[in-house]
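In the working numbering, the protein residues as written are 2 to 282. Working notes for the structure below.
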Ligand code: CAA
């Protein structure tokens, strides 16, 4: 595979694009919103410039990586790619409508992967007539740093598709693990309820944000505490995952924390809006 399409130029889409480009893939990065697209490409440029400053890559490698990225706002231009990784909004209807369009645009041998963090791969696949070629490729934030990719096999995903996305993940320098199609898969089923519980502790005044985070950094050796991590992931993303776990697993223990709902309603989404559990202004 040489030519990959990435749909969605947000934090995850731009991170995935950055890694693909640095590893030598041609990438068509799509976003319907021109401003979001430019912001995503700007983020990649900044990260690569930082890597040059740290002498992790040369200026020439950075320039070549940037040349391999083409930003597009018209989905039809994805007709020439060999695989698409979708990293659009975490909403089942948005994803289904996107996959329906992608299967009309992309030749029938093209694999359609989704970076969904908790939604059902099988359900997304049913929007297409190539369910054997629909698969989950779940990356972690920050994508250039985190090694894991969860490979999620839907009901009808073929072994050949799984094999191909595992090889692609390895060629991106990542470590793929295969998991079943279950709400939140493995990592988010464990991680997001922990973040939710930290939000409840904060809400109940058991401890302040710094104390909760220091507790998990120093007491459980986590690189950052759960509330700082929530701000990094995005409180809207954390809430969407909790809602999926709650609805699909039908268990009260996954009830989203009220403070998470309040903050999202107020537009306090974490680092990306400069305000979450902490202020980044
Ligand atoms: N992009 C690229 N590189 C980044 C980065 C970014 N956004 N943020 C940090 N880095 C790099 C830094 O450049 C630095 O690299 P070097 O060591 O080579 O210089 C390295 O990461 C460490 O960064 P810092 O020293 O600035 O800060 P840190 O030591 O606190 O590390 C961190 C930052 C890597 C984010 C670390 O705190 C960490 O690992 N946190 C946990 C992250 C995590 O759990 N992610 C999973 C979230 S869940 C998810 O993503 C799934 C989902 O569906 C919601």
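Don't be surprised by glycine CBs; every beta carbon is placed ideally from N, CA and C. None of these values were measured; they are calculated from a predicted model.
- Task: Between the Cα of residue 87 and those of 54, 14, 81 and 78, spot the shortest distance and give me the residue it belongs to.
- Result: 14
- Quick one: give me the first and last residue of the beta strand (DSSP E) that residue 136 is part of. 135-139
- Item | Nearest to residue 151 (by Cα), restricted to the options 161, 138 and 158 | 138
- Residue environment, residue 189, which counts as buried when at least 16 other CB atoms sit within 10 Å: buried
- Are the CB atoms of residue 119 and residue 226 nearer to each other than 9 Å? no
- Query: If you check the beta carbons only, do residue 81 and residue 29 fall under 9 Å apart?
  - Reply: yes
- Backbone secondary structure at residue 28 - three-state DSSP: strand
- Task: Determine the burial state of residue 116: buried for a count of at least 16 other Cβ atoms within 10 Å of its Cβ, exposed for fewer.
- Result: buried
- Task: In the DSSP assignment, find the unbroken beta strand (DSSP E) run with residue 114 in it and report its ends.
- Result: 112-115
- Per DSSP, cross-strand counterpart(s) of residue 72: 30
- Task: Tell me whether the beta-carbon of residue 111 lies closer than 9 Å to the beta-carbon of residue 134.
- Result: yes
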